[in-house]
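Chemist:
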Amino acid sequence: GQNIDQPTEMTATEGAIVQINCTYQTSGFNGLFWYQQHAGEAPTFLSYNVLDGLEEKGRFSSFLSRSKGYSYLLLKELQMKDSASYLCADRSYNTDKLIFGTGTRLQVFP
Amino acid sequence: EPEVTQTPSHQVTQMGQEVILRCVPISNHLYFYWYRQILGQKVEFLVSFYNNEISEKSEIFDDQFSVERPDGSNFTLKIRSTKLEDSAMYFCASSVWSQGDIQYFGAGTRLSVL
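So the sequences go chain by chain: A and G. Going by my numbering, the residue at position 22 of the first sequence is 28; the numbering climbs one at a time, nothing skipped. Going by my numbering, the residue at position 63 of the second sequence is 289; the numbering climbs one at a time, nothing skipped.
(1) Between Asp-88 (chain A) and Val-56 (chain A), is the Cβ-Cβ spacing less than 8 Å?
(2) Count the other CB atoms, across all protein chains shown, that sit within 10 Å of the CB of Asp-288 (chain G); report buried if there are 16 or more and exposed otherwise.
(3) Skipping 5 residues on each side, what residues in its chain have a beta carbon closer than 6 Å to that of Phe-258 (chain G)?
(4) Exposed or buried, which one is Thr-17 (chain A) when buried takes at least 16 other CB atoms within 10 Å?
(5) For chain G, check one thing: does any of its Cβ atoms lie closer than 8 Å to the Cβ of Leu-93 (chain A)?
(6) Per the contact definition of three or more C-beta pairs closer than 8 Å, is the region 275–285 of chain G in contact with the region 10–24 of chain A?
(7) Since Gln-42 (chain A) sits in a beta bridge, which residues does DSSP pair it with?
(8) What is the DSSP secondary structure of Gly-7 (chain A), counted as helix, strand or coil?
(9) Going straight from the alpha carbon of Leu-112 (chain A) to that of Thr-19 (chain A), what length do you get?
(10) Who does Glu-279 (chain G) pair with in a DSSP beta bridge?
(11) With a threshold of 16 other CB atoms inside 10 Å of the CB of Ile-23 (chain A), please say whether the residue is buried or exposed.
(12) Residues of chain A with a CB under 7 Å from the CB of Val-269 (chain G): which are they?
(13) Determine the chain A residues that contact Phe-317 (chain G) at a beta-carbon separation under 9 Å, and present them in chain order.
(14) Can you tell me the Cα-Cα spacing of Ser-307 (chain G) and Leu-272 (chain G), whole angstroms?
(15) With 8 Å set as the bound, which would you pick, yes or no: does the beta-carbon of Tyr-54 (chain A) sit closer than that to a beta-carbon of chain G?
(16) Return no unless some Cβ of chain A is closer than 8 Å to the Cβ of Ser-274 (chain G).
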């Protein structure tokens, strides 16, 4: 998978819901990851989708459509600490490497 | 909770010098990785390592780079002769298995080449 596309920046209000979209090339696809990265810190694993559908984990959910080469990360009940970059990454068959998008910088305002 | 640890957190070096970045992966993990992130850019894969061998490397990982697992716990990235464009955040990651498994990242080493 190459050419991961995701929006560069998004803003939202505390308590709201935000959806961060990601598209990728479908050939050889073998899994889609979402990581959170606060400025100057390590990427922290959020979710992994390999089958179509929605994976829910607390306030965060991730969706995958393999036929469309599309995923989104849904963040509910936003908190100020959710202000961070959200990195979409995919992996292809027969490779260990993750291919990252540029990340979406989310700013949560009070 | 187990974590990947990296040292130092910040390394400043002169162009042409050798640097060694150190990582201690999570103890039961078998696959190790190095990625880098130039300021304001994407996280990029450099190399993966399993069973004391490089399993995959990117075009960035040229002859100036090498990796080693000198003992049972450390995993190192060496840059033989640093260039200005090597300035970046270098992240180590590890996973239990390879494909289909989660890669856990360390906090990174910021390398500044002057």
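The beta carbon of each residue, even a glycine, is placed where N, CA and C say it ideally should be. Fair warning: this is a prediction, and the values are worked out from it, not measured in the lab.
Modeler: Reading off the structure:
(1) For this step, residue 88 (chain A) is matched to residue 82 along the first sequence. For this step, residue 56 (chain A) is matched to residue 50 along the first sequence. Going by C-beta atoms, Asp-88 (chain A) is not nearer than 8 Å to Val-56 (chain A).
(2) Taking the second sequence and counting its residues from 1, the one referred to as residue 288 (chain G) is at position 62. Per the 10 Å Cβ criterion, exposed.
(3) Position 32 of the second sequence, counting from 1, holds the residue named residue 258 (chain G). For Phe-258 (chain G), where only same-chain residues beyond five positions count, the Cβ hits under 6 Å are Pro-251, Phe-275, Phe-301 and Ser-320.
(4) As a working note, residue 17 (chain A) is residue 11 in the first sequence. Answer is exposed; the Cβ neighbour count stays below 16.
(5) As a working note, residue 93 (chain A) is residue 87 in the first sequence. It does; some Cβ of chain G falls within 8 Å.
(6) Taking one beta carbon from each stretch, the region 10–24 of chain A and the region 275–285 of chain G have fewer than 3 pairs nearer than 8 Å; the two do not touch.
(7) Here residue 42 (chain A) refers to the residue found at position 36 when the first sequence is read from its first residue. By DSSP's assignment, Gln-42 (chain A) forms a beta bridge with A:Thr-50 and A:Tyr-92.
(8) Taking the first sequence and counting its residues from 1, the one referred to as residue 7 (chain A) is at position 1. Residue placement at Gly-7 (chain A) cannot be trusted, given a pLDDT of 45 that sits under 50; what the coordinates show is reported in the next sentence. Reduced to three states, the DSSP call for Gly-7 (chain A) is coil.
(9) Here residue 112 (chain A) is taken as the residue at index 106 of the first sequence, counted from 1. Here residue 19 (chain A) is taken as the residue at index 13 of the first sequence, counted from 1. Each residue's Cα considered, the two are about 10 Å apart.
(10) Numbered from its first residue, the second sequence carries residue 279 (chain G) at position 53. Glu-279 (chain G) pairs with G:Tyr-276.
(11) Along the first sequence, read from residue 1 onward, the residue named residue 23 (chain A) stands at position 17. Flag for Ile-23 (chain A) reads exposed.
(12) Locating residue 269 (chain G) in the second sequence gives position 43, where the first residue counts as 1. Ordered by position in chain A, the residues that pass the 7 Å Cβ test against Val-269 (chain G) are Pro-49, Leu-93 and Phe-106.
(13) Taking the first residue of the second sequence as position 1, residue 317 (chain G) is located at position 91. Within 9 Å Cβ-Cβ: Ala-48 and Pro-49.
(14) Translated into positions along the second sequence, residue 307 (chain G) becomes position 81. Translated into positions along the second sequence, residue 272 (chain G) becomes position 46. Those two C-alpha atoms are separated by around 17 Å.
(15) Residue mapping note: residue 54 (chain A) aligns to position 48 of the first sequence, counting from 1. By this cut-off, Tyr-54 (chain A) is an interface position.
(16) Translated into positions along the second sequence, residue 274 (chain G) becomes position 48. True, the Cβ-Cβ gap to chain A drops below 8 Å.
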